[in-house]
Amino acid sequence: FHMERKTHVKTNRKEIMLAKLRKSCSCTPQKLKNFLMDFFPVLRWLPKYRCKEYIWGDIMSGLVIGIILVPQAIAYSLLAGLKPIYSLYTSFFANIIYFLMGTSRHVSVGIFSLISLMVGQVVDRELLLAGFDLNDDAPPASGDGSLQNYNLSNTTAFNLTIAGINAECGKECYAIGIATALTFMAGVYQVLMGIFRLGFVSMYLSESVLDGFATGASLTILTAQVKYLIGIKIPRSQGHGMLVITWINIFRNISQANLCDVITSAICIVVLVTAKELGDRYKHKLKFPLPTELVVIVVATLVSHYGKLNEVYASSVSGAIPTGFIPPKAPEFNLMLRVALDALPLAIVSFVFTVSLSEMFAKKYAYTIRANQEMFAVGFCNIIPSFFHSFATSAALAKTLVKTSTGCQTQISGVISAMVVLLVLLFLAPLFYSLQKCVLACIIIVSLRGALRKFRDVPARYRVNKVDTLVWVVTTSASALVSTEIGLLVGIVFSMLCIIVRTQRPRTALLGQIQDTSFYEDDSEYENLSTVPKVKIFRFEAPLYYANRNYFLKSLYRLTNLDPNLEAARRKKYEKKEKQHLKKGNHRTANGLGIGETTLQLVPKQIDFQALVVDCSSISFLDTTGVNTLKEILKDYKNLNISVLLACCNPSVIDSLKRGGYFGKDFGCMQEMLFYSIHNAVLFAKDQK
1 FHMERKTHVK TNRKEIMLAK LRKSCSCTPQ KLKNFLMDFF PVLRWLPKYR
51 CKEYIWGDIM SGLVIGIILV PQAIAYSLLA GLKPIYSLYT SFFANIIYFL
101 MGTSRHVSVG IFSLISLMVG QVVDRELLLA GFDLNDDAPP ASGDGSLQNY
151 NLSNTTAFNL TIAGINAECG KECYAIGIAT ALTFMAGVYQ VLMGIFRLGF
201 VSMYLSESVL DGFATGASLT ILTAQVKYLI GIKIPRSQGH GMLVITWINI
251 FRNISQANLC DVITSAICIV VLVTAKELGD RYKHKLKFPL PTELVVIVVA
301 TLVSHYGKLN EVYASSVSGA IPTGFIPPKA PEFNLMLRVA LDALPLAIVS
351 FVFTVSLSEM FAKKYAYTIR ANQEMFAVGF CNIIPSFFHS FATSAALAKT
401 LVKTSTGCQT QISGVISAMV VLLVLLFLAP LFYSLQKCVL ACIIIVSLRG
451 ALRKFRDVPA RYRVNKVDTL VWVVTTSASA LVSTEIGLLV GIVFSMLCII
501 VRTQRPRTAL LGQIQDTSFY EDDSEYENLS TVPKVKIFRF EAPLYYANRN
551 YFLKSLYRLT NLDPNLEAAR RKKYEKKEKQ HLKKGNHRTA NGLGIGETTL
601 QLVPKQIDFQ ALVVDCSSIS FLDTTGVNTL KEILKDYKNL NISVLLACCN
651 PSVIDSLKRG GYFGKDFGCM QEMLFYSIHN AVLFAKDQK
């Protein structure tokens, strides 16, 4: 049978673009209202907020997340190489801005360990380049917790001008200057990606790449915290191979370990891990998670303060955390130029984690998000806070899971969490002066349990898909042993190479007929398939393009046991010899056979088919090389009186063949060369003489 293709009306793309441009540039009150409501989704859902139904769940989840945020913010400041006050600023502003601009009801946006690590690596590198000593572990300031005292403690003996920064700006001032410039640039990239609708970039970060990146970065985070766990002072390694160098320095200086810090770390890890395991086991019975981190921090701070652990045992403590807000300041433009390249992977990772979590929970709770608006939301969660001494943010899986498990319904819970952080910022921050850094390191390390448990999943992952496991291993190794940014890039490139390799060497098969049916399957995979007499059916399970052309031909020749080019050359060779013998008047050929016998000899014994059916159901597209390859085999097999029939081609493949002249100029032979099922092609081949 013959199916008629629909005639598609050609559209004038220029006119369509102009119409869209005119529509975009026009400004009406309704359009302005829609724009504002799209840009600030809170204007749509807040008036419809069901107070009696939602408020208690939002308050409970907001309080729980706020209680978790405070110790995590203080702890993650170690990763970012900044003072705890800046982590608290980050947590506060991110929750407020995402409440206004985010489209997800459940994700918790704020400080995140991987993002903090990436910020910290850039900060450390720039501090080294500027001549600051990363190991300058000055005694903690003992002021009254005011901002004035805090600012004075930040102005160190370094009296120089660096990239436009004020001459009296010291190490901590320069560090937050780098962090805010980096954060601003990351936010700008994210907003630009939203404007130009470049959200598709996230598609190139597969689950294996993201998991490998998170696991590799977790190993780096773990390594960076070991020195705080055991209380030793070692050089902060920078650049490639930081993980290996750090472990070498740890073992070289292990004899200098602070016994007080070691005991404190052991106790804290045991308590935290035990509480986490019990919480996971009995989470269905608990109405909200145990605030273990907060309890540990409060108890450890009291013990450190009254036991004078800093003065007596030289245990490193957090130092003064000021109350209130530092006056806002625009990020330095000169510093932006220094970190512009570093901000790109930071922007992509931050966006990808936020959107993937948003989509995951939107699907779970049956609502939709707008990925492009999420790009704007996370972008402005970086741009605006960068003026208020904050650094880069992202959605975090662990806190989001806690939010949903404690009854979160909307982003009102984020505002409640921000209020908890604000309470600490205004009144409670100085109370954490005596908190040991080893306690913060314990909180960070225990929070990495989920990422580090990925190692247990490797055997199961390997059984499911070996290639994805290889991508995970390569990304994890590169992220841990080289650097996080390089690891992410290596993971993306390697995963794309795996796809290319898999299309270069796909599965190929000869098909046999399932008995008493019109269906055909792989003869090497299934039993009791019957071979179709005089017909070979070849399947190629990939697009046919320039990179796999040779593999296509080699597989075809191998499976059919016939290379038409070699066979044609052999025949020409025999014909040439026969002509030479006939000219000499010898009626017997070079083989000692008569002319009639020669004709039989020239027909190759291995050719046991008269038609080749190519199953194109798995060929999604053809490029020019692919079309020429099919034209080549059509010509070569035709010389051997073997017809080539195509079956199950999709419309785009048919169009490519038409444009490439496969069916001739007027497509007259198309119905004898192209079939909509393998069985139709086989029946046609059987009817041929």
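Position one of the sequence shown corresponds to residue 1 (the UniProt record's numbering), numbered consecutively onward. Where is the CB? At the ideal position from N, CA and C, for every residue including glycine. The structure presented is a predicted model; accordingly, all values stated were derived computationally and were not measured.
Exposed unless 16 or more other CB atoms sit within 10 angstroms - verdict on residue i
i, result
"arginine 338", "buried"
"glutamate 578", "buried"
"phenylalanine 92", "buried"
"methionine 101", "buried"
"phenylalanine 353", "buried"
"valine 420", "buried"
"valine 501", "exposed"
"phenylalanine 519", "exposed"
"glycine 164", "Residue placement at glycine 164 cannot be trusted, given a pLDDT of 45 that sits under 50; the coordinates are not used to answer."
Run of the alpha helix (DSSP H) containing residue i, from where it starts to where it stops
i, result
"leucine 481", "466-481"
"proline 179", "It is alanine, not proline, that sits at residue 179 in the sequence shown. Run containing alanine 179: 171-195, per the alpha helix (DSSP H) assignment."
"arginine 502", "484-504"
"valine 273", "259-281"
"phenylalanine 388", "That residue, phenylalanine 388, is in no alpha helix (DSSP H); it is neither H nor E in DSSP."
"isoleucine 619", "Unbroken run through isoleucine 619: none, as it is neither H nor E."
"histidine 581", "564-583"
"cysteine 442", "437-447"
"tyrosine 306", "292-307"
"proline 651", "651-659"
"histidine 679", "678-687"
"valine 331", "The sequence given here places proline at residue 331; valine does not occur at that position. Careful: proline 331 lies outside any alpha helix (DSSP H) and carries neither H nor E."
"glutamine 72", "51-80"
"glycine 216", "207-230"
"alanine 314", "Segment: none, alanine 314 is in no alpha helix (DSSP H) and carries neither H nor E."
Supposed contact pair residue j and residue i - C-beta distance, whole angstroms, cut 8 Å
i, j, result
"isoleucine 115", "serine 358", "With 8 Å as the limit, isoleucine 115 and serine 358 do not qualify as a contact, their Cβ atoms being about 16 Å apart."
"phenylalanine 35", "valine 191", "15 Å between Cβ atoms; not a contact."
"isoleucine 59", "alanine 418", "No, isoleucine 59 and alanine 418 are not in contact; Cβ-Cβ is about 13 Å, not under 8 Å."
"glycine 634", "isoleucine 654", "The sequence shown places leucine at residue 634, not glycine. That pair is no contact at about 15 Å."
"glycine 187", "serine 386", "7 Å"
"glycine 487", "glycine 81", "Not quite, the Cβ-Cβ distance comes to about 20 Å (not below 8 Å), so this is no contact."
"valine 355", "serine 202", "6 Å"
"valine 474", "serine 206", "Not a contact, Cβ separation roughly 12 Å."
For residue j and residue i, the rounded distance between their alpha carbons
i, j, result
"leucine 243", "leucine 294", "30 Å"
"asparagine 650", "lysine 6", "14 Å"
"valine 317", "leucine 222", "19 Å"
"isoleucine 384", "alanine 94", "9 Å"
"valine 349", "tyrosine 546", "33 Å"
"threonine 161", "lysine 171", "For threonine 161, the pLDDT reaches just 45, beneath the cut-off of 50, and the residue's location in the model is therefore unreliable, leaving the point undetermined."
"histidine 284", "serine 26", "54 Å"
"tyrosine 433", "cysteine 408", "33 Å"
"isoleucine 678", "glutamine 121", "59 Å"
"threonine 183", "threonine 469", "33 Å"
"alanine 314", "proline 291", "29 Å"
"leucine 426", "threonine 323", "5 Å"
"leucine 448", "serine 218", "6 Å"
"methionine 37", "asparagine 372", "14 Å"
"leucine 566", "arginine 197", "53 Å"
"alanine 330", "threonine 625", "55 Å"
"cysteine 438", "isoleucine 445", "10 Å"
"arginine 50", "isoleucine 499", "48 Å"
"isoleucine 230", "threonine 301", "18 Å"
"histidine 106", "isoleucine 412", "10 Å"
"lysine 584", "alanine 568", "25 Å"
"histidine 8", "asparagine 628", "27 Å"
Extent of the continuous beta strand (DSSP E) run through residue i
i, result
"phenylalanine 609", "609-615"
"valine 535", "534-540"
"glutamine 513", "508-514"
"asparagine 643", "Contrary to the premise, residue 643 reads as serine rather than asparagine in this sequence. Note, serine 643: beta strand (DSSP E), 643-647."
"glutamate 521", "520-522"
### Message
Below 8 Å, how does it come out for the segment 79-90 and the segment 103-119: are there three or more Cβ pairs, yes or no?
### Response
By the Cβ test, the segment 79-90 is in contact with the segment 103-119, since at least three Cβ pairs between them sit closer than 8 Å.
### Task
Please determine if the segment 674-689 and the segment 638-652 are in contact, where contact requires at least 3 C-beta pairs separated by less than 8 Å.
yes
#### Entry: At least 3 beta-carbon pairs within less than 8 Å: the segment 191-207 vs the segment 449-467
no
### Query
Contact between the segment 173-184 and the segment 355-374: three or more CB pairs below 8 Å?
no
### Message
Assess contact between the segment 662-677 and the segment 560-576, defined as three or more Cβ pairs (one per stretch) separated by less than 8 Å. Is contact present?
### Response
The segment 662-677 makes no contact with the segment 560-576, as fewer than three CB pairs between them are under 8 Å.
### Query
With a cut-off of 8 Å, do at least 3 Cβ pairs link the segment 272-286 to the segment 253-262?
Touching, no, given that fewer than three Cβ pairs across the two stretches are closer than 8 Å.
### At least three beta-carbon pairs within less than 8 Å, the segment 509-516 to the segment 524-542
yes
#### Entry: Meets three-Cβ-pair contact criterion under 8 Å: the segment 399-407 and the segment 62-69
yes
### Task
Assess, as a yes-or-no matter, whether the segment 616-626 is touched by the segment 539-558 under the definition of 3 or more beta carbon pairs within less than 8 Å.
yes
### Message
Between the segment 226-243 and the segment 124-135, can you find at least three pairs of beta-carbon atoms closer than 8 Å?
### Response
yes
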